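Novice: Take any residue in the sequence shown, note its place counting from 1, add 271, and you have its number in this note's numbering. We put the beta carbon where it would ideally sit given N, CA and C, even for glycine. Please read all numbers here as calculations on a predicted model, not as lab measurements. Quick one: structure below, then a few questions.
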Amino acid sequence: MSARSCLLKTIVLAGLSAILPAAAPGQTNRQTSINAYYAGDFSRAAIDLENYLRTRPDDRLAYDYLAKAYIKLGDNTRAIDALERALKVFPSEVAFRGLLGQLYAAVERYDDAERQLVAYRRVHPADTAITRTLAAVLLARGINAAQAARWSEAAAYFDRSLGLDSTVEAANVNLAIVLTNANEFKRARAIEEKALRLFPRNLTLRKAYAATLIGLADHAKAREVLEEYRRLDPNNIEAGLQLAALYRNLHAADKALALYDELIVRHPGDRRAYEALIQYWSNFFRYDKMRETYERLAREYPSDMKLLKSIAETYEKVKKWGDARNAYRRWTEQDSLDPEPRLAVASTFRGDSNDAAAASELEELFKIAPRHEAALTMMGDILERQGRLDSAHVLYARFAQWHPNNPRPHFRIGVVCHRLGLNDSARAALERAYTLDPADPYPIAELAAIESSTGGSTSALKLYRRALATTLRSMQRQQQQLVTQMQAAEDRVRLDDLQRLSVAGEGVSGLRDLYDLCLDALRRGMTAQSYKVMLDDYLREYPTSIVLLLAEGEWYEREAASERALGIYTRILNINPAVAQAVAAMARLHEQKGDVESAILDYRRLQSMDAANTVAYDGLLRLLDRLGRLDELCDEWKRLYAVRSQDKILRERLIEALHKANRREEARNLMH
Numbered sequence: 272m273s274a275r276s277c278l279l280k281t282i283v284l285a286g287l288s289a290i291l292p293a294a295a296p297g298q299t300n301r302q303t304s305i306n307a308y309y310a311g312d313f314s315r316a317a318i319d320l321e322n323y324l325r326t327r328p329d330d331r332l333a334y335d336y337l338a339k340a341y342i343k344l345g346d347n348t349r350a351i352d353a354l355e356r357a358l359k360v361f362p363s364e365v366a367f368r369g370l371l372g373q374l375y376a377a378v379e380r381y382d383d384a385e386r387q388l389v390a391y392r393r394v395h396p397a398d399t400a401i402t403r404t405l406a407a408v409l410l411a412r413g414i415n416a417a418q419a420a421r422w423s424e425a426a427a428y429f430d431r432s433l434g435l436d437s438t439v440e441a442a443n444v445n446l447a448i449v450l451t452n453a454n455e456f457k458r459a460r461a462i463e464e465k466a467l468r469l470f471p472r473n474l475t476l477r478k479a480y481a482a483t484l485i486g487l488a489d490h491a492k493a494r495e496v497l498e499e500y501r502r503l504d505p506n507n508i509e510a511g512l513q514l515a516a517l518y519r520n521l522h523a524a525d526k527a528l529a530l531y532d533e534l535i536v537r538h539p540g541d542r543r544a545y546e547a548l549i550q551y552w553s554n555f556f557r558y559d560k561m562r563e564t565y566e567r568l569a570r571e572y573p574s575d576m577k578l579l580k581s582i583a584e585t586y587e588k589v590k591k592w593g594d595a596r597n598a599y600r601r602w603t604e605q606d607s608l609d610p611e612p613r614l615a616v617a618s619t620f621r622g623d624s625n626d627a628a629a630a631s632e633l634e635e636l637f638k639i640a641p642r643h644e645a646a647l648t649m650m651g652d653i654l655e656r657q658g659r660l661d662s663a664h665v666l667y668a669r670f671a672q673w674h675p676n677n678p679r680p681h682f683r684i685g686v687v688c689h690r691l692g693l694n695d696s697a698r699a700a701l702e703r704a705y706t707l708d709p710a711d712p713y714p715i716a717e718l719a720a721i722e723s724s725t726g727g728s729t730s731a732l733k734l735y736r737r738a739l740a741t742t743l744r745s746m747q748r749q750q751q752q753l754v755t756q757m758q759a760a761e762d763r764v765r766l767d768d769l770q771r772l773s774v775a776g777e778g779v780s781g782l783r784d785l786y787d788l789c790l791d792a793l794r795r796g797m798t799a800q801s802y803k804v805m806l807d808d809y810l811r812e813y814p815t816s817i818v819l820l821l822a823e824g825e826w827y828e829r830e831a832a833s834e835r836a837l838g839i840y841t842r843i844l845n846i847n848p849a850v851a852q853a854v855a856a857m858a859r860l861h862e863q864k865g866d867v868e869s870a871i872l873d874y875r876r877l878q879s880m881d882a883a884n885t886v887a888y889d890g891l892l893r894l895l896d897r898l899g900r901l902d903e904l905c906d907e908w909k910r911l912y913a914v915r916s917q918d919k920i921l922r923e924r925l926i927e928a929l930h931k932a933n934r935r936e937e938a939r940n941l942m943h
């Protein structure tokens with residue numbers, strides 16, 4: 272039985288004497304039952320009273336003792352049944368309702384309990400035992416609603432519970448929590464500050480208060496509350512993690528890092544502090560620090576092979592293939608029958624452009640798992656890169672036989688057969704791949720390429736258009752998945768960041784190259800007007816698609832409609848201000864129009880967005896040279912170089928600008 276139901280049951284039993292009248296002498300044929308009850312023979316009393324009530328169902332006192340006997344026996348179900356029968360005979364008897372309400376509460380039938388207890392209190396509002404029970408019932412109903420995320424309903428129950436008994440700590444705490452979860456931060460703050468005066472050492476309440484303050488962007492106060500929390504309970508890791516996150520928000524990174532280290536020392540076996548620290552370093556692409564943290568965690572969990580994988584991946588991120596390979600080898604030593612680390616080792620050899628070593632590693636893997644799909648895919652790709660198309664065809668055929676429902680081998684058979692000039696076989700394989708996965712645009716695009724290479728221009732255009740439509744759907748799906756993942760993330764992302772990252776996902780989804788290929792084929796094969804009509808059709812379906820809007824902007828540029836193009840690029844930046852391609856296009860158009868100041872602003876914006884964008888450097892150098900403002904540019908780039916001294920592109924352009932400005936001594940100093 273839960274702690275909550277135990278509490279309610281205690282209240283029920285404590286309140287019985289307050290509701291039931293004292294025993295009174297009754298009829299002779301029920302006296303024996305009452306005597307048995309007082310003698311402690313509750314079973315005999317219950318049996319005799321049940322028999323008695325069959326002949327005298329209108330005896331109120333008999334129902335009283337029958338319910339009491341069942342309660343003494345711990346049989347609340349039969350006690351409830353007795354009182355429900357009694358109320359059918361005596362519907363206006365509020366004492367029965369009070370007792371029944373308590374019993375309903377004891378068995379967690381809270382809606383029924385509330386109804387009976389409310390009815391009782393209408394007649395006896397001063398009954399403190401019943402009032403406490405009703406407050407506890409409302410608290411329980413609120414908890415149930417909160418567990419189902421029905422925040423408004425839960426808050427209403429907690430409010431009513433506090434209206435009956437404002438000193439109940441759990442009701443105060445739970446009301447604060449649900450208001451915070453419902454983002455009703457102003458109301459939550461008032462409740463929490465009042466409750467903290469009553470319960471200053473309640474840490475759950477203090478934690479909710481901190482969350483409310485963060486919701487209200489009162490970070491300084493939230494920091495104060497969490498620091499006090501940690502003084503009261505320094506071992507609470509949740510509060511420590513929340514405070515560290517707050518330090519990061521307040522740009523107190525040194526305090527955050529020190530706190531993460533403290534939490535790891537205090538809780539060496541708890542992964543959460545390690546994971547938060549790894550997440551922090553990942554934001555700055557500090558793979559060395561991420562690896563250091565993974566290694567600390569691996570010392571606590573030496574048998575966790577996933578940690579070895581994570582360590583290896585930090586090496587892969589910086590292309591240290593040998594170090595990554597050594598980490599994967601350690602994984603292989605731990606479990607020689609696991610094919611995954613062997614596949615990872617093969618992948619590191621490919622990173623080193625050593626396909627022969629990768630293939631050798633895969634051959635070892637096939638001794639363990641000859642039908643491993645990812646390994647077969649990698650081996651096929653190696654054979655294709657080596658030009659061993661016949662061997663690749665044989666491998667893919669075996670792959671397709673082993674995994675007939677996997678579209679990948681059928682698609683690769685189609686590609687290989689096309690390269691071998693076996694177009695009929697290629698078409699059959701590609702059609703099979705499409706049948707297995709109609710949402711994959713690659714087989715359709717390959718079919719289009721076959722039609723184009725064999726002179727079927729009309730059918731090729733139809734297929735390219737199908738491939739483009741499928742690609743756009745896939746890109747849209749990936750974008751939605753990215754948004755969903757971010758919304759589910761523990762660290763909530765601001766809406767504008769979410770928008771920017773979700774749209775950016777469209778450009779890095781892996782489908783962009785295919786999109787460009789299809790679009791280019793359609794642009795070359797269609798009339799300009801037909802191509803524009805097609806773009807408009809797709810934009811009606813995907814009105815915020817960055818790639819489609821970029822294509823439309825480019826179309827207007829080719830048609831010399833620069834104002835319309837600028838309007839499109841402005842629309843793109845309203846959707847997502849971080850699209851460098853749109854900013855570069857606006858700079859180009861403003862420069863062509865002679866609007867030099869606007870072009871300079873665009874190039875500056877482009878440079879701030881993409882430090883490696885040579886278009887921005889060249890544009891600024893060209894325009895400011897034309898305006899005679901090279902000294903201004905040199906000084907600006909020197910300040911930038913002071914904090915980005917490793918930026919080779921910036922250094923090269925700064926040297927060029929200094930030369931053009933006849934500041935040759937400064938240029939020579941940078942060159943040596």
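What are the start and end residues of each continuous beta strand (DSSP E) run of 3 or more residues lying completely inside the region 828–888, in chain order?
Specialist: The beta strand (DSSP E) runs of length 3 or more contained entirely in the region 828–888 do not exist; there are none.
Novice: Buried or exposed: A316, going by 16 or more other Cβ atoms within 10 Å of its Cβ?
Specialist: buried
Novice: If we call anything under 7 Å between Cβ atoms a contact, is N347 one with V389?
Specialist: no
Novice: Leaving out five residues on either side along the sequence, give the residues of the same chain with a beta carbon under 6 Å from the beta carbon of V854.
Specialist: D873, R876, L877
Novice: Taking Cβ to Cβ, would you say S745 is nearer than 7 Å to L782?
Specialist: S745 is a Cβ neighbour of L782, given a cutoff of 7 Å.
Novice: Please name the residue in L521, H522, N520, R543 whose C-alpha comes closest to that of Y531.
Specialist: R543
Novice: Grab me the residues of Q863's own chain with a C-beta within less than 8 Å of its C-beta, minus the 5 sequence neighbours each way, in chain order.
Specialist: S833
Novice: Please list the segments of the beta strand (DSSP E) lying wholly inside the region 470–512, counting only runs of 3 or more residues, in order along the chain.
Specialist: Within the region 470–512, not a single complete beta strand (DSSP E) segment reaches 3 residues in length.
Novice: Go ahead and pull the three-state DSSP assignment for D606.
Specialist: coil
Novice: Please state if the CB of L844 and the CB of L860 are separated by a distance shorter than 7 Å.
Specialist: Result no, Cβ atoms of L860 and L844 do not sit closer than 7 Å.
Novice: If you run the structure through DSSP and keep just helix, strand and coil, what is E936?
Specialist: Helix at E936.
Novice: Using only CA atoms, which one of R900, A856, T648 lies nearest to L633?
Specialist: T648
Novice: Could you spell out the range, first to last residue, of the alpha helix (DSSP H) harbouring E581?
Specialist: For the sequence presented, residue 581 should be read as Ser rather than Glu. Here the alpha helix (DSSP H) through S581 covers 576–588.
Novice: Considering only residues of the same chain and omitting the five flanking positions on each side of V867, which have a CB-CB separation below 6 Å?
Specialist: L894
Novice: With G796 as the anchor, note down where its alpha helix (DSSP H) starts and where it stops.
Specialist: 783–796
Novice: Can you have a look at G511 and say buried or exposed, based on whether 16 or more other CB atoms are within 10 angstroms of its CB?
Specialist: buried
Novice: So, with DSSP's three-state summary, where would you put T451?
Specialist: helix
Novice: Look at the alpha carbon of R763 and the alpha carbon of L514, and state the distance between them as a whole number of angstroms.
Specialist: Since pLDDT at R763 reaches only 39, below the 50 mark, its modelled position is unreliable, and no value is offered.
Novice: Would you mind giving the Cβ-Cβ distance between R596 and T564, rounded to the nearest angstrom? I have them listed as a contact below 8 Å.
Specialist: That belief does not hold up - the Cβ atoms of R596 and T564 are roughly 21 Å apart, past 8 Å.
Novice: Give the secondary structure of D695 by DSSP, where H, G and I count as helix, E and B as strand, and everything else as coil.
Specialist: helix
Novice: Have a look at L320 and R349 and give me their C-alpha separation to the nearest angstrom.
Specialist: The alpha-carbon atoms of L320 and R349 are separated by roughly 13 Å.
Novice: Between the C-alpha atoms of D326 and Y309, what's the straight-line distance to the nearest angstrom?
Specialist: The sequence shown places Thr at residue 326, not Asp. Their Cα atoms are separated by approximately 23 Å.
Novice: Can you tell me whether E777 is helix, strand or coil according to DSSP?
Specialist: Note that E777 scores 40 on pLDDT, short of 50, meaning its location in the model is unreliable; the coordinates nonetheless yield the value given after this. Here E777 sits in helix by DSSP.
Novice: Just to check my reading of the structure: I351 and L374 have Cβ atoms closer than 8 Å, yes? What is that Cβ distance to the nearest angstrom?
Specialist: 5 Å
Novice: Are the beta-carbon atoms belonging to A353 and L337 less than 7 Å from one another?
Specialist: yes
Novice: Terminal residues of the continuous alpha helix (DSSP H) containing P680?
Specialist: Bounds of the alpha helix (DSSP H) holding P680 are 678–690.
Novice: Considering only residues of the same chain and omitting the five flanking positions on each side of R765, which have a CB-CB separation below 6 Å?
Specialist: Model confidence at R765 stands at a pLDDT of 37, short of 50, so the residue's coordinates are unreliable and nothing is read from them.
Novice: Using the Cβ count rule (16 or more neighbours within 10 Å means buried), how would you classify N933?
Specialist: exposed
Novice: Give the single residue among D436, T585, A488 whose Cα lies nearest to the Cα of A466.
Specialist: D436
Novice: Compute every distance between the C-beta of Y334 and the non-hydrogen atoms of the ligand GDP, then say whether any falls below 6 Å.
Specialist: Only the bare structure without any ligand can be found here, which leaves the ligand GDP out of the picture.
Novice: Any idea what DSSP makes of P641, helix, strand or coil?
Specialist: coil
Novice: Grouping DSSP H, G and I as helix and E and B as strand, with all else coil, what is Q657?
Specialist: coil
Novice: Would you call the CB atoms of I926 and L941 closer than 7 Å?
Specialist: yes
Novice: Assuming T451 and T475 form a contact by the criterion Cβ under 8 Å, report the distance between their Cβ atoms to the nearest whole angstrom.
Specialist: Not confirmed; about 11 Å, so no contact.
Novice: Which of the three DSSP states, helix, strand or coil, is assigned to Y323?
Specialist: helix
Novice: Hey, Y391 and R421: beta-carbon distance below 7 Å or not?
Specialist: no
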